[in-house]
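Remarks on the structure that follows.
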Amino acid sequence: MAHNHPPKTVDYEKPVPRDPKSPSRAAQVRVQNRRREYLQRHPSYFDSLDHELADPVLYQRLVRDFQSASERTAEGQAKGYGRTLEASLLRGERTLAGLASGNEESASSLSPPHATRSNGDADAPTTTSITPSPGPENSWDAPMSDKQEGLDQWRAFLEDRFVRGGDDEFDYAPVDADEELDVWERGQGEERWFDEEEPGWVGEGGDAEDGIGERKGETGVQDY
1 MAHNHPPKTV
11 DYEKPVPRDP
21 KSPSRAAQVR
31 VQNRRREYLQ
41 RHPSYFDSLD
51 HELADPVLYQ
61 RLVRDFQSAS
71 ERTAEGQAKG
81 YGRTLEASLL
91 RGERTLAGLA
101 SGNEESASSL
111 SPPHATRSNG
121 DADAPTTTSI
131 TPSPGPENSW
141 DAPMSDKQEG
151 LDQWRAFLED
161 RFVRGGDDEF
171 DYAPVDADEE
181 LDVWERGQGE
191 ERWFDEEEPG
201 WVGEGGDAED
211 GIGERKGETG
221 VQDY
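Under the UniProt record's numbering, the residue at position 222 of the sequence shown is numbered 222, and the numbers go up by one with no gaps.
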């Protein structure tokens with residue numbers, strides 16, 4: 001005796017939505033994402049030699065320590081005597097500050113106040129301190145193994161500084177107001193739209209797994 005089985009249905013799990021951000025928090029994240037997108041479109045930002053002044057001690061450890069004598073000479077000529085002297089004086093001041101604090105290790109690694117990540121969250125509120133912590137707070141604070149790693153971490157430092165608004169010489173207003181830079185946000189919106197779509201015809205009136213169920217409203221006959 002034949003048994004009638006109910007049509008198979010397919011359960012689609014919907015993603016669990018994140019807790020909504022406050023308006024101020026959402027605005028902060030939007031601005032930071034716009035700045036990241038700006039850097040993606042303008043990689044030449046990282047090429048400016050003026051960035052050394054953002055943290056001469058860190059630049060020394062990440063970049064200059066791996067340069068050859070000829071590379072240092074060429075860079076010095078490109079910067080000019082005045083800028084080279086300024087960076088050297090700033091480095092000396094920071095080194096003396098580290099020695100005066102009684103922490104020999106800080107003499108070669110102490111950086112000026114700049115934003116650091118909180119609990120590893122790239123979008124978390126920032127804190128400012130000139131006191132080195134027992135362990136590296138950022139990837140660029142760890143020892144470097146070679147020239148390329150040093151360059152990569154210097155770039156990471158500059159990106160983090162830029163995203164957090166730490167470049168006092170840059171006019172952030174046009175970037176922060178540019179909706180064309182909302183690439184990440186638009187992508188998230190499209191992803192949510194696809195997640196919320198219900199493929200209601202699947203599994204209705206047929207075998208959903210075999211894909212042979214009839215779509216509602218489709219008779220198979222074209223209407224003209």
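All residues carry an ideal CB built from backbone N, CA and C; glycine is no exception.
Every value quoted in this text rests on a predicted model; they were computed, and no experiment measured them.
The beta-carbon distance between residue 60 and residue 91, rounded to whole angstroms, is 6 Å. This is short enough to meet the 8 Å contact definition. Residue environment analysis places residue 153 among the buried positions, since at least 16 neighbouring C-beta atoms fall within 10 angstroms of its C-beta. Note that the segment 136-147 does not touch the segment 20-28; fewer than 3 beta-carbon pairs, one per stretch, sit closer than 8 Å.
The residue from 176, 155, 177 and 185 with its alpha-carbon nearest to that of residue 48 is 155.
The alpha-carbon of residue 184 is positioned some 11 Å away from that of residue 32. By the CB criterion at 8 Å, residue 52 and residue 78 fall outside the cutoff.
Here the alpha carbon of residue 172 sits roughly 14 Å from the alpha carbon of residue 42. Between the C-alpha atoms of residue 38 and residue 139 there is a straight-line separation of about 22 Å. Around the beta carbon of residue 50, a 10 Å sphere encloses fewer than 16 other beta carbons of the protein chains shown; the residue is thus reported as exposed.
If you draw a straight line from the Cα of residue 137 to the Cα of residue 30, it is about 24 Å long. Within its own chain, the residues whose Cβ lies closer than 8 Å to the Cβ of residue 176, once the five positions on either side in sequence are excluded, are 31, 34 and 35, listed in chain order. One thing to note: residue 58 has its Cβ no nearer than 8 Å to the Cβ of residue 170.
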